[in-house]
Amino acid sequence: MSAGTSMAGLINPPSLIEYGPLRLLIADAPSDHTLPIYIKEFAKYGVTDVVRVCEPTYQRARLERAGYRVHDWSFDDGCEPPDTIIEHWLGLLETRFGPEARLARSTNGVSGTRPPPDQLTDDTDLCVAIHCVAGLGRAPLLVAIALIEYGMSPLDSVAYVRERRRGAINNRQLRYVERYRRHTRKGCIIC
Numbered sequence: 444m445s446a447g448t449s450m451a452g453l454i455n456p457p458s459l460i461e462y463g464p465l466r467l468l469i470a471d472a473p474s475d476h477t478l479p480i481y482i483k484e485f486a487k488y489g490v491t492d493v494v495r496v497c498e499p500t501y502q503r504a505r506l507e508r509a510g511y512r513v514h515d516w517s518f519d520d521g522c523e524p525p526d527t528i529i530e531h532w533l534g535l536l537e538t539r540f541g542p543e544a545r546l547a548r549s550t551n552g553v554s555g556t557r558p559p560p561d562q563l564t565d566d567t568d569l570c571v572a573i574h575c576v577a578g579l580g581r582a583p584l585l586v587a588i589a590l591i592e593y594g595m596s597p598l599d600s601v602a603y604v605r606e607r608r609r610g611a612i613n614n615r616q617l618r619y620v621e622r623y624r625r626h627t628r629k630g631c632i633i634c
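The sequence shown begins at 444 in this note's numbering and counts up by one.
See below:
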């Protein structure tokens, strides 16, 4: 790949998912060779954290040197995430986007709109990138879980992700999303 190659030249360019305060970027896995392209793309989106939910395909130290926090939360391809990974994921989202928005949305169904421009803060446009090997299974599944936690219905979350990331979420993962229930802090489930 030449130095002039852009994300548009890759098979799966990243997909931005915005809902309420959330800005999540789904990508496929960079390699050591393509990592400079991803670093430039992450900078365009204001990425602060990169969540890797697959086996390593690049040296995380290169991303860390570029200023990104890297979270390694790998789980089996095509499967549902373990509870500990969901807890870490939701904790990261609360840290970056605020717990108040999630809790308010999960209890009163507030619509997922971004605040008006005059209410934006410096943190409003930050973004969390998440990737698996192809960006079609594990990463979109965790994004769907985030959308549910921030007030979207399970099936709407899958449709929303699939509209923005064609081919995302397999049938087994879809069944998991259908059964998924929102969590509150400390792992309690909202009935």
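Beta carbons are placed, not taken as given, at the ideal position from N, Cα and C, and that holds for glycine. Small disclaimer: the values here were computed from a predicted structure and weren't measured.
Using the C-alpha atoms, what's the distance from L579 back to S517?
For this step, residue 517 is matched to residue 74 along the sequence shown. For this step, residue 579 is matched to residue 136 along the sequence shown. Looking at the two C-alpha atoms, the distance is approximately 14 Å.
In the structure shown, what three-state DSSP assignment does E523 receive?
Working through the sequence shown from its first residue, we reach residue 523 at position 80. Residue state, collapsed to three classes: coil.
Boundaries of the beta strand (DSSP E) in which A472 is found, first to last residue
Counted from its first residue, the sequence shown places residue 472 at position 29. Taken as a continuous stretch (DSSP letters only), A472 belongs to no beta strand (DSSP E), as it is neither H nor E.
For T491, three-class secondary structure by DSSP
On the sequence shown, position 48 is the one that residue 491 refers to. Correct three-state label for T491: strand.
In three-state DSSP terms, what is R618?
Within the sequence shown, the letter at position 175 stands for residue 618. Helix at R618.
Given a cut-off of 8 Å on the beta-carbon distance, is the pair H656 and R495 in contact?
Nothing can be reported for residue 656, as the shown portion of the chain is limited to 444 through 634.
Of the choices G463, P525, F540, whose alpha-carbon is the least far from that of Y623?
Taking the first residue of the sequence shown as 1, we reach residue 623 at position 180. If we check each option's Cα against that of Y623, P525 comes out closest.
Cα-Cα separation between R608 and S458, rounded to whole angstroms:
Position 165 of the sequence shown holds residue 608. Position 15 of the sequence shown holds residue 458. Using only the alpha carbons, I get a separation of about 6 Å.
Mind checking who I573 pairs with in its DSSP beta bridge?
One-based indexing of the sequence shown puts residue 573 at position 130. Answer is I469, V494, bridged to I573.
Starting from I588, trace the alpha helix (DSSP H) both ways and give me its first and last residue.
For the purposes of this step, residue 588 is taken as the residue at position 145 of the sequence shown. Taken as a continuous stretch (DSSP letters only), the alpha helix (DSSP H) holding I588 covers 581–592.
Decide if G594 is buried, meaning its Cβ has at least 16 other Cβ atoms within 10 Å, or exposed.
To locate residue 594, count along the sequence shown from 1; it is residue 151. By the 10 Å Cβ count, G594 comes out buried.
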